Structure formats: C-alpha cells, structure tokens
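Undergrad: Quick note, the sequence shown lines up with residues 1 to 111 if you use the working numbering.
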Amino acid sequence: LCLLVQVETRAALDQIAAIAAVDGVDGIFVGPSDLAADFGHLGDPGHPEVQAAIEAAGRACAAAGKPAGILAPAEADARRYIAWGYRFVAVGSDLGLLRGAADALAARFKA
Numbered sequence: 001l002c003l004l005v006q007v008e009t010r011a012a013l014d015q016i017a018a019i020a021a022v023d024g025v026d027g028i029f030v031g032p033s034d035l036a037a038d039f040g041h042l043g044d045p046g047h048p049e050v051q052a053a054i055e056a057a058g059r060a061c062a063a064a065g066k067p068a069g070i071l072a073p074a075e076a077d078a079r080r081y082i083a084w085g086y087r088f089v090a091v092g093s094d095l096g097l098l099r100g101a102a103d104a105l106a107a108r109f110k111a
C-alpha cells in the first residue's frame with residue numbers, strides 16, 4: 001500500500017516539508033491546474049508564477065526524500081518536471097490524446 005497526498009494550494013505548498021515528514025506519507029502529487037486556480041491563474045498552469053511554485057515543490061520533495069508526482073500536458077513539460085525532481089509523471093490526458101488523433105485524421109481528409 002502506498003499513500004500519496006495531493007498538494008493543490010499555496011497554503012499546502014508552504015507546508016510541503018511538514019507534509020512530507022508525516023509518518024506514512026510515501027509521496028506527494030502536485031495538481032497543476034488546481035494550483036494555478038489557487039494562484040489566481042485559472043486555466044493557466046503554465047503561468048511563470050505557477051511554474052516557479054511547481055519547480056520549488058519538486059525540489060522540496062526531493063530534499064525531503066519523498067517522490068513527487070505531477071500531470072504534464074505534453075512531453076516538454078514532462079521532461080522539465082523530471083529535471084525539477086519529479087519522479088512519477090503522467091503525460092497527456094485521455095481528452096488530449098483523443099483530440100490529437102481526431103485532428104490528425106481530419107487533416108488527412110482535408111487535403
């Protein structure tokens with residue numbers, strides 16, 4: 001059994017070291033979209049302020065010896081998060097993959 005907790009607010013980020021130190025917590029998952037909303041950047045997890053917070057969270061988890069996870073919308077985001085210390089990264093989403101395949105199929109028939 002593995003216990004992962006989710007961090008999605010500025011208040012939780014401020015306490016990430018304490019959260020990581022809780023006995024039984026095995027890792028921390030950062031929610032970029034909810035974090036962006038809490039920072040006042042609804043719908044913009046790529047905002048520089050949000051990205052800086054995501055970087056700090058990944059590095060704080062690594063320093064605490066706890067793996068950090070995150071959802072990355074694209075490969076470039078995933079690679080950046082891994083460089084920031086994230087150890088489990090979900091890349092893409094079902095909706096994004098479906099849309100990409102549908103767009104590619106439609107483009108082949110527009111020619």
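Glycine included, every Cβ here is placed at the ideal spot set by N, Cα and C. Given the structure is predicted, the values throughout are model-derived calculations rather than measurements.
1. Could you check what DSSP says for A68 in three-state terms: helix, strand or coil?
2. Return the first residue and the last residue of the beta strand (DSSP E) that A90 is part of.
3. How far does the beta strand (DSSP E) with G96 in it reach, from first residue to last?
4. Is Q6 helix, strand or coil when you go by DSSP?
5. Which residues mark the beginning and the end of the beta strand (DSSP E) in which V30 is found?
TA: Let me lay it out:
1. DSSP places A68 in strand when its eight states are reduced to three.
2. Here the beta strand (DSSP E) through A90 covers 86-91.
3. Per DSSP, G96 lies in no beta strand (DSSP E) segment; the continuous alpha helix (DSSP H) that holds it begins and ends at 94-110.
4. Here Q6 sits in strand by DSSP.
5. Per DSSP, V30 is one residue of the beta strand (DSSP E) stretching across 27-30.
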